[in-house]
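Which chain is which? The protein sequence lines are A and B, in order.
So in our numbering the end of the first sequence lands on 296, straight run, no missing numbers.
So in our numbering the end of the second sequence lands on 150, straight run, no missing numbers.
For every residue, glycine included, the Cβ atom is placed at its ideal position computed from N, Cα and C.
Quantities reported herein were computed from a predicted structural model and do not represent experimental measurements.
First comes the structure, then the notes that go with it.
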Amino acid sequence: MTFLYLIPIVFAISLLAGFLGALTGLGGGVVVTPALTLLLGIDIRYAIGASLVSVIATSSGAASAFVREGYSNIRIGMFLEVATTLGALFGAYISARTPTSALSVIFGLVLLHAAWQSTRAHHDPAGIKPPDPLAERLRLHGHYPAGGGRQEYRADRVKSGFGLMFGAGMLSGLLGIGSGALKVIAMDQVMRIPFKVSTTTSNFMIGVTAAASAGIYLKRGYIDPALTMPVMLGVLAGSLVGARVLMGAATHVLRWIFAGVVAVMAVEMIYNGAVK
Amino acid sequence: MTDERFEVWIAILLRAGVLTAAAIVLIGGVGFLLHQGDATPQFHQFHGASPEYTAGAAIVRGALHLDWLAVIQFGLLVLIATPVARVALSIAAFALEEDWTYVAITAIVLAILLYSLF
């Protein structure tokens, strides 16, 4: 097989990855890594390097569309990013002394449960409970376009959300997987931030987190230019389409797609943990 | 400066960075395919990208000499820089709003980011 043959295939896979990644806030890695390794027999390290770049491409591509439309929340993203990046550093630090295959299986099971949970919207009506004072002080509120008007929202249970974000970062440092799934779940289920705001803000955050580890992967030679080129271009094009579709899509449809992708990811993790 | 104007500003920066990166990668990709498209990829075993594609200075040097793979790699560096630039710019934007809490929070994020990049 020559490059002229391989590159269009990789581009097509990446289009789908970028589309799903932008739609769910999970980044493109969920699709890119298994497709490159299982389908095309590419070494996992090249796949990881390409997948890391794909996360940045999805994030920056989609974010440029979302921010202008007023979905993602920079304050919430930046505040939670402190927890995620610290967690990621801590996870990378302890990774040599942790049984990652067992952890991978456990985390896969947790994700399966979370996928099921995320298909359901939170029911407690807003405005009855007094607002979280920490959310007030940190201005973790905003509004986003919904049904022709603007829907106001504010974050709840900030401390639990922050703690869970630290855990999300730690797991991504330990297992080398995108922390997007836990980020969306923490914002949506714990902090009660609207689903579209959660996924788009996650999209913003995963790019920053991925950029933090890009330097290491580049130095290790994981990022091969000939392979990453079609991945980057495909994912970028896919994410721009995904961002447009998200804006018009019904939230319950997005929840189901998110749950489906997270469930696939969970099975992948259990499989990887069990095989190793 | 209002939140909305600041967000539009950031969106413009992001889009410009991403499109520049994509254009550079595309040029490098077309050049590579025209010259070496009939070569056989060796990705089944890990050899690691060669040293001229793994360090910033070497990549820039190669790109200036129109080594197409180095051009691609340079475009990827521009892409990796966009989220970093976004965080840096947010510090300035929060400072303009005189929101010092978020200047501090964003500075912490940038510090961790730069620490792990270098």
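Query: Can you check DSSP and say which residues form a bridge with Ala-166(A)?; Result: Gly-169(A)
Query: In its own chain, which residues sit with a C-beta less than 6 Å from the C-beta of Ser-222(A), not counting the 5 before and 5 after it?; Result: Gly-45, Gly-200, Lys-203, Val-204
Query: Consider the Cβ of Gly-47(A): report whether some Cβ of chain B lies at a distance smaller than 9 Å.; Result: no
Query: Residues of chain A with CB closer than 7 Å to the CB of Leu-128(B), please, in chain order.; Result: Within 7 Å Cβ-Cβ: nothing; Leu-128(B) doesn't reach chain A, min ~13 Å.
Query: Sorted by chain position, which residues of the same chain lie with C-beta nearer than 7 Å to Phe-126(B)'s C-beta, five sequence neighbours on each side aside?; Result: Tyr-134, Val-135, Thr-138
Query: Count the other C-beta atoms from every protein chain shown that fall within 10 angstroms of the C-beta of Met-21(A), then say buried if there are 16 or more, exposed otherwise.; Result: exposed
Query: From the beta carbon of Leu-96(B), is the nearest beta carbon of chain A less than 9 Å away?; Result: no
Query: Which residue's Cα is closest to the Cα of Leu-24(A): Phe-38(B), Ile-44(B), Arg-47(B), Gly-63(B)?; Result: Gly-63(B)
Query: Counting only beta-carbon separations shorter than 9 Å, does Val-92(B) have a partner in chain A?; Result: no
Query: Less than 9 Å between the C-beta atoms of Thr-104(A) and Phe-186(A), yes or no?; Result: yes
Query: I want to verify the contact list: residues of chain A whose CB lies under 7 Å from the CB of Ile-112(B), in sequence order.; Result: Ile-76, Ala-231, Ala-234
Query: When every heavy atom of the ligand FAD is checked, does at least one fall within less than 8 Å of the C-beta of Tyr-91(A)?; Result: The ligand FAD is not part of this structure, which contains no ligands at all.
Query: Mind listing the chain A neighbours of Ile-144(B)? Cutoff is C-beta to C-beta under 9 Å, in chain order.; Result: Glu-101, Val-102, Thr-105, Leu-106, Ala-108, Leu-109, Ala-232
Query: What residue from Asn-292(A), Val-295(A), Gly-280(A) has the CA that sits closest to His-133(A)'s CA?; Result: Gly-280(A)
Query: Where does the unbroken alpha helix (DSSP H) through Ser-218(A) begin, and where does it stop?; Result: 215-239
Query: Kindly list, in the order they appear in chain A, the residues whose Cβ is closer than 7 Å to that of Ala-55(B).; Result: Near Ala-55(B) there are no residues of chain A at all, since even the closest Cβ is about 10 Å away, more than 7 Å.
Query: Which residues, in order along the stretch 67-83 of chain B, keep a beta-carbon less than 9 Å from a beta-carbon of chain A?; Result: Gln-68, Gly-69, Asp-70, Ala-71, Thr-72, Pro-73, Phe-75, His-76, Gln-77, Phe-78, His-79, Gly-80, Ala-81, Ser-82, Pro-83
Query: Going straight from the alpha carbon of Ala-77(A) to that of Leu-60(A), what length do you get?; Result: 22 Å
Query: Output needed in chain order: residues of the stretch 245-267 of chain A with a Cβ under 8 Å from some Cβ in chain B.; Result: Pro-245, Ala-246, Leu-247, Thr-248, Met-249, Pro-250, Met-252, Leu-253, Leu-256
Query: Where Phe-38(B) and Glu-288(A) are concerned, what is the direct C-alpha to C-alpha distance, given to the nearest angstrom?; Result: 40 Å
Query: Is it buried or exposed, Met-225(A), if we count other Cβ atoms within 10 angstroms and call 16 or more buried?; Result: buried
Query: Run through chain A and tell me which residues come within less than 7 Å of Thr-138(B), C-beta to C-beta.; Result: Met-98
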